[in-house]
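Listed in order, the protein sequences are those of chains A and B.
Be aware that the first sequence starts at 48, since it is given in our numbering, and climbs by one per residue.
Be aware that the second sequence starts at 48, since it is given in our numbering, and climbs by one per residue.
There are 2 protein chains.
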Amino acid sequence: MKLYQSNASPNSRRIRVYLAEKGISMPIVPVDLGAREQFSDAYAAINPRRVVPTLVLDDGSAIGEVPVIIRYLEDIHPAPPLLGSTPKKRAEIAMWERRVEQEGFASVMEAVRNAAPRLANRAIAGPYDYAQIPDLVERSKQRLLNFYADTDARLADVPFVAGDEFSIADITAIVTVDFATKAAGLAIPDKHTALKRWYESVSARASMAA
Amino acid sequence: MKLYQSNASPNSRRIRVYLAEKGISMPIVPVDLGAREQFSDAYAAINPRRVVPTLVLDDGSAIGEVPVIIRYLEDIHPAPPLLGSTPKKRAEIAMWERRVEQEGFASVMEAVRNAAPRLANRAIAGPYDYAQIPDLVERSKQRLLNFYADTDARLADVPFVAGDEFSIADITAIVTVDFATKAAGLAIPDKHTALKRWYESVSARASMAA
């Protein structure tokens with residue numbers, strides 16, 4: 048098993064932090080996005096969407112899509128559980144992780160991809176070129192601010208994004224905040240005290256350096 | 048356990064078809080989207096995103112997000128398997144289902160929500176109003192056409208979207224095609240013979256009337 052990934056990719060970081068939390072190590076194959084290596088025939092053969100990361104199994108099967116890679120790794124390495132250990136807990140964690148991804152992570156990605164000059168015609172990751180739509184940038188930033196407000200309200204009631212336990216939902220949320228801060232200039236507003244407290248606490252975990 | 052859903056909602060149909068395939072029945076609670084019932088306090092209490100469907104368990108816990116609801120139902124009703132029965136098969140099916148959702152289903156939803164006069168300021172489902180962005184409509188339609196082309200190429204090689212077996216990926220794909228045809232006037236182009244053959248065959252399953 049080996050992981051194709053890029054240190055510059057927030058989606059790859061989601062996997063790296065998960066691996067660090069679980070104590071799983073595996074060979075890493077760097078994919079140089081700056082050199083457009085994801086568009087090579089070799090990479091397209093393992094990921095037709097031309098995105099990182101991809102997990103390649105020992106039989107050559109390729110697994111793409113971050114939550115799917117993580118679910119597979121959790122299936123074969125169940126302890127310690129980061130995706131829940133009963134059907135109900137698994138559902139609650141997956142639901143919150145997906146909300147973070149759709150409202151937070153996807154909003155930052157959309158804001159960045161529709162604005163960065165180096166991504167002209169690359170507004171959506173994948174095999175096809177799509178022109179940037181400037182009107183999307185402000186809307187996406189507003190979506191991220193709404194995500195911050197909603198998550199702050201939730202974290203005033205529960206210690207972690209999915210409830211009582213640290214989970215994959217927190218990993219996606221930390222990667223979202225760091226990506227928003229660095230790539231879109233949108234750090235957590237000071238008024239969101241519960242979200243900031245959660246961020247300081249969760250960011251201190253050793254895995255977050257991954 | 049009961050399902051809050053709307054017959055007008057393609058996301059709800061994904062669950063209805065799954066339930067029909069599995070032979071699971073449960074009480075259905077209709078949510079009247081036309082009357083904006085999803086914005087009622089009662090519904091917001093079970094789904095803070097104000098979207099359908101939501102599965103409410105006997106202890107009152109609410110599970111939202113279509114793939115999460117389906118994964119929960121599959122956990123408690125494993126036979127017949129529609130999400131795979133080994134870690135690797137589960138990963139392959141989840142990967143393909145997610146690609147269909149992101150490239151196909153989400154594209155149609157975006158095209159419709161940014162165009163329909165009744166959805167002015169409702170370009171994104173959820174608790175917040177967002178103005179429509181007309182430039183998104185054509186881009187989303189192009190994304191759907193690219194999804195059709197990619198899926199046609201895949202179905203020239205394998206009988207079902209995720210490979211050898213009928214799965215949840217086929218359900219999401221059928222709901223996408225029917226929604227695109229009805230709501231965006233984008234039926235499968237005649238040139239995509241493998242995709243059309245798959246569509247005719249899978250659409251004939253009794254579950255698809257759900």
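Virtual Cβ for every residue (Gly too), placed ideally from N, Cα, C.
Counted within 10 angstroms of its Cβ, other Cβ atoms place residue i as buried (16 or more) or exposed
i: Met73/B; result: exposed
i: Ser53/B; result: buried
i: Pro127/B; result: exposed
i: Glu247/A; result: exposed
i: Ile221/B; result: buried
i: Gly70/A; result: exposed
i: Ser154/A; result: buried
i: Asn94/B; result: buried
i: Ile117/B; result: buried
i: Gly173/A; result: buried
i: Ile235/B; result: buried
i: Ala231/A; result: buried
i: Ala227/A; result: buried
i: Arg83/B; result: exposed
Selection from the options that minimises the alpha carbon distance to residue i
i: Asp225/B; options: Leu50/B, Pro57/B and Met48/B; result: Pro57/B
i: Val184/A; options: Ala163/A, Asp197/A and Ile110/A; result: Ala163/A
i: Val99/B; options: Ala167/B, Val208/B and Tyr51/B; result: Tyr51/B
i: Ile215/B; options: Ala241/B, Ala141/B, Ala167/B and Asp197/B; result: Ala141/B
i: Gly151/B; options: Arg97/B, Thr219/B and Glu121/B; result: Thr219/B
i: Gly81/B; options: Leu192/B, Arg165/B, Gly173/B and Arg146/B; result: Arg165/B
i: Arg252/A; options: Asp237/A, Asp217/A and His239/A; result: Asp217/A
i: Ala257/B; options: Tyr90/B, Arg60/B and Ser87/B; result: Arg60/B
i: Pro77/B; options: Asp88/B, Ala92/B, Ala91/B and Ala55/B; result: Ala55/B
i: Thr139/B; options: Val115/A, Gly232/A, Val147/A and His124/A; result: First, the amino acid is wrong: residue 139/B is Glu here, not Thr. Out of Val115/A, Gly232/A, Val147/A and His124/A, Val115/A has the C-alpha closest to the C-alpha of Glu139/B.
i: Ile75/B; options: Arg83/B, Thr240/B, Asp88/B and Val103/B; result: Val103/B
i: Glu144/A; options: Pro125/B, Trp143/B and Gly111/B; result: Gly111/B
i: Asp204/A; options: Ile171/A, Thr240/A, Pro236/A and Val113/A; result: Thr240/A
i: Gln121/B; options: Ala89/B, Tyr175/B and Ile62/B; result: For the sequence presented, residue 121/B should be read as Glu rather than Gln. When each option's Cα is compared against that of Glu121/B, the closest is Ile62/B.
i: Asp176/A; options: Arg96/A, Asp105/A, Tyr90/A and Lys49/A; result: Arg96/A
i: Leu192/A; options: Pro206/A, Pro181/A and Leu233/A; result: Leu233/A
i: Lys136/B; options: Glu212/A, Leu242/A and Ile123/A; result: Ile123/A
i: Asp106/A; options: Lys49/A, Pro206/A and Leu242/A; result: Lys49/A
i: Ser108/B; options: Asp237/A, Lys229/A and Gly210/A; result: Gly210/A
Contacts that residue i makes with chain D (C-beta to C-beta distance below 8 Å)
i: Pro57/A; result: Included in the structure are the protein chains A and B, with no chain D among them.
Contacting residues, own chain, Cβ-Cβ under 6 Å from residue i (five flanking each side not counted)
i: Ser254/A; result: Val64, Ala67 and Glu68
i: Tyr119/B; result: Ile110
i: Phe213/A; result: Phe207
i: Asp182/B; result: none
i: Thr101/B; result: Tyr51, Ile93, Asn94, Ala109 and Gly111
i: Gln85/A; result: Val78 and Arg97
i: Val113/B; result: Asn58 and Arg61
i: Asp237/B; result: none
Own chain, CB closer than 7 Å to residue i, minus 5 neighbours either side, in chain order
i: Trp245/B; result: Leu202
i: Val147/B; result: Val208, Ala216, Thr219, Ala220 and Thr223
i: Glu250/B; result: Note that residue 250/B corresponds to Ser in the displayed sequence, not to Glu. Excluding positions up to five away in sequence, the list reads Ile221.
i: Phe194/B; result: Glu150, Gly151 and Ser154
i: Ala91/A; result: Arg97
i: Arg169/B; result: Arg160 and Asp176
i: Leu242/A; result: Tyr195, Thr198, Asp199, Leu202 and Ile235
Any non-hydrogen atom of the ligand SAM closer than 7 Å to residue i Cβ
i: Ala153/A; result: Because no ligand of any kind appears in the structure shown, any question about the ligand SAM cannot be addressed here.
Sequence-distant residues of its chain with Cβ nearer than 8 Å to residue i (five each side left out)
i: Ile171/B; result: Arg160 and Tyr177
i: Ala167/B; result: Ala178 and Gln179
i: Pro125/A; result: Ser132
Margin query: To be precise: take each residue of the region 117 to 129 of chain A, compare its Cβ to all Cβ atoms of chain B, and keep it if any distance is under 7 Å. Which residues remain?
Written below: Arg118, Tyr119, Asp122 and Ile123
Next item on the list: Can you give me, in chain order, the residues of the region 135 to 151 of chain A that have a beta carbon less than 8 Å from any beta carbon in chain B?
Entry: Lys135, Arg137, Ala138, Glu139, Ala141, Met142, Arg145, Arg146 and Glu150
Check: On the three-pair Cβ rule with 8 Å, is the region 185 to 204 of chain B touching the region 150 to 169 of chain B?
Finding: yes
Checklist line | contact_flag[the region 122 to 139 of chain A, the region 190 to 200 of chain A] where n(CB pairs < 8 Å) is 3 or more | finding: no
Notebook entry, point to check: At a Cβ cut of 8 Å, what residues of the region 176 to 197 of chain B count as close to chain A, listed as they run along the chain?
Noted result: Tyr177, Ala178, Ile180, Asp182, Leu183, Arg186, Gln189, Arg190, Asn193 and Asp197
Check: When Cβ atoms are compared, which residues of the region 52 to 85 of chain B fall closer than 9 Å to chain A?
Finding: none
Notebook entry, point to check: What residues in the region 89 to 104 of chain A have a beta carbon less than 8 Å from any beta carbon of chain B?
Noted result: Pro95, Arg96 and Leu104
Checklist line | Members of the region 204 to 222 of chain A near chain B, C-beta cut-off 9 Å | finding: none
Margin query: To be precise: take each residue of the region 105 to 116 of chain A, compare its Cβ to all Cβ atoms of chain B, and keep it if any distance is under 7 Å. Which residues remain?
Written below: Ser108, Ile110, Gly111, Glu112 and Val115
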